[in-house]
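J.:
2 protein chains.
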Amino acid sequence: MKFSLKRMLIGRPLKSTELGEQRLSKRKALAILSSDALSSVAYGPEQILIVLMTLGAAAYWYSIPIAVFVVVLLVALILSYKQIIFAYPHGGGAYVVSKENLGINAGLVSGGSLLVDYILTVAVSISAGTDAITSAFPALHEYNVEISIVFLVILTIINLRGVTESASVLAYPVYLFVAALLILIVVGIYKIVTGQFSPDLHAAIGTPVAGVSLFILLKAFASGSSALTGVEAISNAIPNFKDPGPSNASKTLMVMGGLLAVLFCGIVFLAYYLGSSPSPTETVVSQISEDVFGRSLFYFIIQGVTALILVLAANTGFSAFPLLAVNLSKDKYIPRMFQVRGDRLGYSNGIIMLSVFAMLLILLTHGSTEKLIPLYAVGVFIPFTLAQTGMMVKWWKEKPKGWGSKFAINTVGAFISFVVAMIFFITKFDHVWPILIFLPALIFSFHRIKNHYDLVGDQLRVDKLNNVLPTIGGNIILVPVGGISKVVENSLSYAKSLSPEHLIAVYIGFDKETMHEFEEKWENRFPDVKLLALYSPYRSLISPLSKVIDKIENKARQENRQVSVIIPQFIPKKGWHNILHNQSSLLIRTSLLYSKNVVLITVPYHLKK
Amino acid sequence: MKFSLKRMLIGRPLKSTELGEQRLSKRKALAILSSDALSSVAYGPEQILIVLMTLGAAAYWYSIPIAVFVVVLLVALILSYKQIIFAYPHGGGAYVVSKENLGINAGLVSGGSLLVDYILTVAVSISAGTDAITSAFPALHEYNVEISIVFLVILTIINLRGVTESASVLAYPVYLFVAALLILIVVGIYKIVTGQFSPDLHAAIGTPVAGVSLFILLKAFASGSSALTGVEAISNAIPNFKDPGPSNASKTLMVMGGLLAVLFCGIVFLAYYLGSSPSPTETVVSQISEDVFGRSLFYFIIQGVTALILVLAANTGFSAFPLLAVNLSKDKYIPRMFQVRGDRLGYSNGIIMLSVFAMLLILLTHGSTEKLIPLYAVGVFIPFTLAQTGMMVKWWKEKPKGWGSKFAINTVGAFISFVVAMIFFITKFDHVWPILIFLPALIFSFHRIKNHYDLVGDQLRVDKLNNVLPTIGGNIILVPVGGISKVVENSLSYAKSLSPEHLIAVYIGFDKETMHEFEEKWENRFPDVKLLALYSPYRSLISPLSKVIDKIENKARQENRQVSVIIPQFIPKKGWHNILHNQSSLLIRTSLLYSKNVVLITVPYHLKK
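Chains as they are written, first to last, in my numbering: chain A, 2 to 610; chain B, 2 to 610.
1. Run down chain A in chain order and give the residues with a C-beta less than 7 Å from the C-beta of H578 of chain B.
2. In terms of residues, what are the limits of the beta strand (DSSP E) holding H607 of chain B?
3. What residue range is occupied by the uninterrupted beta strand (DSSP E) comprising Q611 of chain A?
4. Do you know how far the Cα of E47 of chain B is from the Cα of T284 of chain B?
5. Quick check on the burial criterion: 16 or more other C-beta atoms within 10 angstroms. Buried or exposed for W523 of chain B?
6. Mapping DSSP to helix, strand and coil, what is V469 of chain B?
7. Please name the residue in A:G510, A:Y508, A:I478 whose C-alpha comes closest to that of Y495 of chain B.
8. Taking all protein chains shown into account, do 16 or more other C-beta atoms lie within 10 angstroms of the C-beta of F4 of chain B, making it buried, or fewer, making it exposed?
9. Give me the DSSP bridge partner(s) of G1 of chain A.
10. Do V566 of chain A and L587 of chain A have their CB atoms nearer than 8 Å?
11. Y119 of chain B: buried (16+ other C-beta within 10 angstroms of its C-beta) or exposed?
12. Can you list, in chain order, the stretches of the beta strand (DSSP E) that have 3 or more residues and sit fully within the region 472-558 of chain A?
13. Kindly list, in the order they appear in chain A, the residues whose Cβ is closer than 9 Å to that of H517 of chain B.
14. Between E1 of chain A and chain B, is any beta-carbon pair separated by less than 8 Å?
15. List the residues of chain B that P545 of chain A touches, going by C-beta distances under 7 Å, in chain order.
16. Applying a beta-carbon distance threshold of less than 7 Å, which residues of chain C neighbour S586 of chain B?
17. With 8 Å as the limit, tell me which residues of the region 349-369 of chain A have their beta carbon closer than that to any beta carbon of chain B; keep them in chain order.
18. For the candidate residues A:V72, A:I438, A:L271, whose alpha-carbon lies nearest to that of Y191 of chain A?
19. Do T317 of chain A and T603 of chain A have their beta-carbon atoms positioned less than 8 Å apart in this structure?
20. For the candidate residues A:L141, A:C266, A:I51, A:W396, whose alpha-carbon lies nearest to that of F70 of chain A?
21. In whole angstroms, what separates the C-alpha of L311 of chain B from that of L601 of chain A?
22. Going by C-alpha to C-alpha distance, which of A:V379, A:F198, A:N237 sits closest to F87 of chain A?
23. Identify the contact partners of H203 of chain B in chain A, using a Cβ-Cβ distance below 8 Å as the criterion.
24. Within the same chain, show all residues whose beta-carbon is closer than 7 Å to that of G246 of chain B, passing over the 5 residues directly before and after it, in chain order.
25. Straight-line CA distance for N160 of chain B to P573 of chain B?
26. For H367 of chain B, count the other beta carbons within 10 Å of its own beta carbon; 16 or more makes it buried, fewer makes it exposed. Which is it?
27. Ignore the nearest five residues each way along the sequence and tell me which others in N102 of chain B's own chain have a CB closer than 6 Å to its CB.
28. Answer with yes or no whether the minimum CB distance from F4 of chain A to chain B is below 8 Å.
29. Could you tell me which whole beta strand (DSSP E) segments of length 3 or greater appear in the region 393-429 of chain B?
30. Is there contact here, the region 219-229 of chain A with the region 414-430 of chain A, by at least three beta-carbon pairs under 8 Å?
31. So, at 6 Å on beta carbons, what are the nonlocal neighbours of T131 of chain A in its own chain, with the 5 sequence-adjacent residues on each side left out?
32. Report the partner residues of F242 of chain B according to the DSSP bridge assignment.
33. In whole angstroms, what separates the C-alpha of M2 of chain B from that of L156 of chain A?
34. Using a Cβ-Cβ cut-off of 8 Å, state whether I602 of chain B counts as contacting chain A.
35. With DSSP as the reference, label I51 of chain B as helix, strand or coil.
36. Below 7 Å on C-beta distance, what does Y595 of chain B contact in chain A?
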């Protein structure tokens, strides 16, 4: 079994007709597509407090109104994406919506941002999850990068096995995480209501704060909205849902939005009430659960599940990237290979490409990918803005029944998204600037690739009117020979069976004496085959052969004849034997294939021993 | 200019007839072939003292009689190799001598040891030279490996440029080193004679020493004889000398032997007289030159030149390895590619292979290759012993005039070499054991490779008696097609021009609907070409194609017909375009070439844009 390792890791190949069975139920889809969004409540609230901390602990009450705004943005995004799901039931999300309503460049900006963003999702989430684990077990800290790579490889294999199975594996931790945080919030609020915490832990809402400015509040809001990265994943993945796709996707999106809102608000509220303050050594979620449960078993469960879901959040990238790549590839903006389904019906090339880039990011940053978070967030809000602007244009043009409220929803969403993106650019330009380089570079490449495919298509298209095959007036066959052997005999036999008009053997000699000896031997052995012996003082095979072919080919073309070169090649019994033989055949073939307009015929001589 | 970087580094290609001009004069040969042997006086004397040190400083006087024995060994080796040079004027040294007189396995033991040894020479010498430099400039110490790699790359490029030019580059440092050490010795002895040093610095010769044993003295002798590594280089390289090769080589060998003896004895004597003692922070040569010159400019010149010659000693490996590889390759024990002369007439493959392995050793040992020295020395004395035993056998068998003294010389040489090799095995087994693994492994590979070449030769040899080409009774041509395009039209035109008995297009469909559509389109477009449409539920191209070929091929063979597969392939204008196209053509071709007995015809369609 040649492919047994691959089989063991990836599973048996699936028939194309088994595709339907690989589709996602709502329950599984929620697990597979929302771990990214849900996991961000583990750091989103903390991001708000980190900004407010510059004003002092008295400012922490601002997190409550800011959270309200984040939830408003969340609601706007969820409603907007719900509209997108029904308007574009074949998926594609921001890329398709922007492209169809705002033109191709807006679409490519969205698509390019998202492609890069999914790579960042994978790298950032895996690194963060690894950090969480190695923080719990400090002895592992020096192996951070290695552990991240192991997680990445495991996720890659799971995804190559196929979508449904990966969902089965991933469903439990996501639901465990949701359950654990819900229990934390409910018990926390119960203890607050029953007065088990002092109300002096926090400043009252409305306490005046020195130095507060709209700029800082907006920055805190933008930071908090990094918790919303990942909400677009469902709208891109509609074709992965069981039928009816749009309806199932929409319901899943609503459930995810609800869970995200509840968890986010709960954590923000508890953090505020219990006076948690960001610290480099302990996360806010850890502080809350310690306050509520003490360092009990349940505390460790919450920490463990949080770490796990961060790693699994990377899986959103694995679901979304290949599908987006297919959309871009169908439009010819990225290489065609991203449309090929692998043995297990997943888009293997997309999965592997994503994995490779994420691995590079992890290796290049030595696993410290935290600085990539603002880049990651801005790369999400650019397509958010474009998609919703696109929807505004769509409603405005089409004006369906009740379009006013739809238009309003998307307008609010587009506006807030745009503001958030702008706040990132203004307040975190030092982290965000690379997008201004790689996004134009990507879009330039997209157009280059598209242009190439179009050109190739034009050149290969057959003439609809002229149905007659061009005829060739005759054949000239050249056989480069290096000696007199069975391989050469074999090739000559074959050449003769094609009855060409001219059959010429070509010998290239590195010294004149050997060359003359060879000419004599040839004359004795194959008196009926013309031999052209060429002297090559620089010991090159290619260059004299190339010259002689040019001469013959020029003449042949005038007479409408085709020149073919027969390359005698013996095939050793075992692959490793190839290193024992000078690869002249391969060299000649490759060189002629790309530089000459000749047909290349390989006559194999299979060795039996 | 596609190859301009290569040209700049390596130089313009040379004609084969320019080979004579690349040969070495005696003066250049001395520089290029003896830097290894001469450089070892920088550490050989110290090796003796390190062993004697275990008995206390009073034992240092033993270095004088030990040095005498080392010189005796040196004289025996030099005389022996002089005899080898004239007996084997085409070079090959220990490998050829052992092979011809003791049988092939003795030859392969010699050849294998030396091949590995040259790699060790390069790695050890470069590392030692780098250490010398970074000891002088401690700030560079952390870049030891990087500096070694840079030296290695520079030496590789110099050697790829060709032998004579590398000799010009290398001649000065070697002569500078010899001159510097001679001046050191002469001035040192002058100062001793004129009584400028106290005679109390050393114990008198003959002072009784507690704990002295023959074992320790033999160990000291063996360690000191590591200074003799490299003396065989000249006898391997006779074809590199200007005519008359043997006479020139012999003279060069004698000069080298004389210089080596003088430098070695001078350093040992000065070290003894001045009471130098091995120290981890300062080499013995450095101590001597400090005693003689103080920390003057001349002291730094000696240190610098010593460092330089250690790096250049690596060059001996670069001269000797490719030539030995050619000899082994001509006998079919290593791959044929080692016989190919590069653009600059050097054996590029040998040079590159040596460089790669040396780089691996440097990287694996992090540049600390000192522990490889005993391995390196034992790997030299094994072929020494075999070569001289071989010469004994030769004289005994041939009994030329005056063979008695020749036989005696080689007997002494063989005996001492054998003893030295055994002492290394006994006293330094912990460093030397790897040779017992890799030497048998190498010899096994040599035989495997030889066996393969012999088998291939037998299978390819034409029948001398039967001069008639086998005839093929007819042709069947298959054309796998993926669509209807100019590429396919082109291939069909070509196929028709060969007027085969059967022409069949093969289409592989991944879903039935598309497949039926294609069949209709084909029927309209090419009604006279039979289409075989195959359904592939697992989306594999190869497996259904392979099955159909097997079926057709079986039938064809019975009818003495040849099956050919035409692979339509469009050639994009630029190389990078290839990544934009699924490489189906390449995949199909590679798979069929190795697994089926069919002729493969590539009909290229060159895109113009």
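The beta carbon of each residue, even a glycine, is placed where N, CA and C say it ideally should be.
T.: If we stick to the structure as given:
1. Start at 1 with the first residue of the second sequence, and residue 578 of chain B comes out as number 577. Here the neighbours are H453.
2. In the second sequence, counting from the first residue as 1, residue 607 of chain B sits at position 606. Where H607 of chain B is concerned, the enclosing beta strand (DSSP E) stretches over 600-607.
3. Any answer about residue 611 of chain A is impossible in this case: the structure gives chain A only from 2 up to 610.
4. Your numbering for residue 284 of chain B matches position 283 in the second sequence. Your numbering for residue 47 of chain B matches position 46 in the second sequence. Rounded to the nearest angstrom, the two C-alpha atoms are 8 Å apart.
5. Counting from 1 along the second sequence, the entry for residue 523 of chain B is found at position 522. Under this definition W523 of chain B is a buried residue.
6. Your numbering for residue 469 of chain B matches position 468 in the second sequence. V469 of chain B falls in the coil class under three-state DSSP.
7. Locating residue 495 of chain B in the second sequence gives position 494, where the first residue counts as 1. It is A:I478 whose Cα lies nearest to the Cα of Y495 of chain B.
8. Within the second sequence, numbered from 1, the residue matching residue 4 of chain B stands at position 3. Confidence in F4 of chain B is poor, its pLDDT being 49 and thus under 50, which makes the residue's placement too unreliable to answer from.
9. The displayed coordinates of chain A run from 2 to 610. Any statement about residue 1 of chain A would go beyond what the structure contains.
10. To locate residue 566 of chain A, count along the first sequence from 1; it is residue 565. To locate residue 587 of chain A, count along the first sequence from 1; it is residue 586. The answer is no: Cβ separation not under 8 Å.
11. Counting from 1 along the second sequence, the entry for residue 119 of chain B is found at position 118. Y119 of chain B is buried by the Cβ-count criterion.
12. 475-482, 503-510, 531-536
13. As a first step, residue 517 of chain B must be located in the second sequence, where it is residue number 516. Going along chain A, no residue has its Cβ under 9 Å from H517 of chain B, so there is no contact; the nearest lies around 15 Å.
14. Here chain A has residues from 2 to 610 only, and residue 1 of chain A is not among them.
15. As a working note, residue 545 of chain A is residue 544 in the first sequence. By Cβ distance, chain B contributes nothing, its closest Cβ being about 13 Å from P545 of chain A, past 7 Å.
16. In the structure shown, chain C cannot be found, because the protein chains are A and B.
17. none
18. Along the first sequence, one-based indexing puts residue 191 of chain A at 190. Among A:V72, A:I438, A:L271, the Cα nearest to that of Y191 of chain A belongs to A:L271.
19. For this step, residue 603 of chain A is matched to residue 602 along the first sequence. For this step, residue 317 of chain A is matched to residue 316 along the first sequence. Against a cut-off of 8 Å, the Cβ pair of T317 of chain A and T603 of chain A comes out as no contact.
20. For this step, residue 70 of chain A is matched to residue 69 along the first sequence. For the residues A:L141, A:C266, A:I51, A:W396, the minimum Cα distance to F70 of chain A belongs to A:C266.
21. Within the second sequence, residue 311 of chain B is the residue found at index 310, counting from 1. Within the first sequence, residue 601 of chain A is the residue found at index 600, counting from 1. Near 52 Å, if we compare the C-alpha coordinates of L601 of chain A and L311 of chain B.
22. For this step, residue 87 of chain A is matched to residue 86 along the first sequence. For F87 of chain A, the nearest C-alpha among the options comes from A:N237.
23. Within the second sequence, numbered from 1, the residue matching residue 203 of chain B stands at position 202. Correct list: empty, because the minimum Cβ distance to chain A is about 52 Å.
24. Position 245 of the second sequence holds residue 246 of chain B. Closer than 7 Å at Cβ, skipping near neighbours: P90, I239, P240.
25. Position 159 of the second sequence, counting from 1, holds the residue named residue 160 of chain B. Position 572 of the second sequence, counting from 1, holds the residue named residue 573 of chain B. Approximately 38 Å between the Cα atoms of the pair.
26. For this step, residue 367 of chain B is matched to residue 366 along the second sequence. Classification of H367 of chain B: exposed, given that the 10 Å Cβ count is below 16.
27. If you number the second sequence from 1, residue 102 of chain B lands on position 101. Hits under 6 Å: G391, V394, K395.
28. On the first sequence, position 3 is the one that residue 4 of chain A refers to. Confidence is the limiting factor: at F4 of chain A the pLDDT is only 49, short of 50, which leaves the residue's position unreliable and the question unanswerable from this model.
29. none
30. yes
31. Within the first sequence, numbered from 1, the residue matching residue 131 of chain A stands at position 130. The residues are N145, I148, S149.
32. As a position in the second sequence, residue 242 of chain B is number 241, starting the count at 1. Per DSSP, B:L25.
33. Locating residue 2 of chain B in the second sequence gives position 1, where the first residue counts as 1. Locating residue 156 of chain A in the first sequence gives position 155, where the first residue counts as 1. Confidence is the limiting factor: at M2 of chain B the pLDDT is only 40, short of 50, which leaves the residue's position unreliable, though a coordinate-based value still follows. Cα to Cα, M2 of chain B sits roughly 46 Å from L156 of chain A.
34. Against the second sequence, residue 602 of chain B aligns to sequence position 601. Yes, its Cβ sits closer than 8 Å to a Cβ of chain A.
35. As a position in the second sequence, residue 51 of chain B is number 50, starting the count at 1. Helix.
36. Residue numbering aside, residue 595 of chain B sits at position 594 when the second sequence is read from its first letter. Ordered by position in chain A, the residues that pass the 7 Å Cβ test against Y595 of chain B are I572.
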